[in-house]
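Here the structure comes first, spelled out in structure tokens, and everything after it is commentary.
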Amino acid sequence: MFNPSIWRMKRFADSFPQIIDLQREINKLFSGAGQNTTLDYPVINIWEKDDSLIVTTELPGMDAENINVSVVGNMLTIAGMSKADPIKEGETYLRQERELGNFQRNFQLPFSVDAAKVEAKYEKGILHITLPRIKEDLPKKIKINS
Amino acid sequence: MSEKDLQKTQNTTVTEKIRNVKTFVPRVDIYETREALFLIADMPGVDEKTVDVELEKNILTISGRVDNGKVEDYSLVFSEYEVGDYEREFTLSDEIDREKIKATVKQGVLRLELPKAEKVKPKRITINAA
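These protein sequence lines are chains A and B, in that order.
The opening residue of the first sequence carries number 790 in the working numbering; numbering runs sequentially from there.
The opening residue of the second sequence carries number 335 in the working numbering; numbering runs sequentially from there.
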């Protein structure tokens, strides 16, 4: 509903955290509207620097082998599978609140990514993906002759 | 995957902290076997140094401290989740053998094994033919 596109938010770079909080509060008022659905799992944060983006996402308790990160052009895909503890017959779950199962999510990035230089790190249950912008895509400084 | 709200739930019952961070309720799975109760809590961002398990009387408190999830040199441009501490309390019954509680942390998941006390373990009674 009030989801910003990455590009629009750039205009308010300084006040960004405050705007995000405000946006969240407003979305709460219209509860349900604009809420993430399970199609949006896992939830992500995106961080930016001149020549690269970092995507962070919370995926607690996975094995690194079970997480698949792929990049094609400007499309980033995060997929994987998490498993519950196998329980034997006669044993029962008293509570089940954690998100487990298969997931896949695609993101369109604002630029093409140098797929060979993408790095992913998984620690403490948080996945960090560093996505460098492809060289040809970087803004070129144009010299002004006087 | 079930239809659940993906946003973290803020824990509004905790006493106010000195650090100005939000506190969330970790999601847990609990299952029971003949010998023990197992409690599994999702606490992304914690490791064995920043997680605390405390048992006072029969209140089991699990808490985790997460340093701000900021990425150095980068600025946040899009955000779907918030980063903060975790805290949640459970009331244990007397069935649990307090001395034998085991805890491990792996990739942001806290796993507690709460063994049942000997006296409450189910016992099979053999029936002799008369």
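Idealized CB from N, CA, C, for every residue including glycine.
| Check | Outcome |
| --- | --- |
| Whole-Å CB distance - A:Asn834 paired with B:Tyr415, under 8 angstroms assumed | 6 angstroms |
| Own chain, CB closer than 8 angstroms to B:Asn402, minus 5 neighbours either side, in chain order | Val355 and Val417 |
| 8 angstroms Cβ cutoff met for B:Glu447 and B:Lys436 | yes |
| Classification of B:Lys342 by the beta-carbon crowding that lies within 10 angstroms, buried from 16 upward | buried |
| CB-CB length for A:Leu898 against A:Leu842, believed under 8 angstroms | 7 angstroms |
| Buried versus exposed, by CB contacts within 10 Å (16 or more), A:Leu818 | exposed |
| Environment of A:Met790 [buried if 16+ CB atoms lie within 10 Å] | No answer about A:Met790 holds up, because its pLDDT of 46 lies below 50 and its placement is not dependable. |
| Nearest candidate by alpha-carbon position, reference A:Pro806, set B:Ser413, B:Asp381, B:Thr460 and B:Arg422 | B:Ser413 |
| Backbone CA spacing between B:Thr425 and B:Ile374 [nearest angstrom] | 16 angstroms |
| Exposure of B:Ala464, with buried meaning 16 or more beta-carbon neighbours within 10 Å | exposed |
| CB-CB length for A:Tyr830 against A:Glu888, believed under 8 angstroms | 6 angstroms |
| Separation of B:Glu429 from B:Arg445, as counted between CA atoms | 19 angstroms |
| Euclidean distance between Cα positions of B:Glu406 and A:Thr866 | 24 angstroms |
| Within chain A, partners of B:Leu410 - CB distance below 7 angstroms | Phe805, Pro806, Asn834 and Trp836 |
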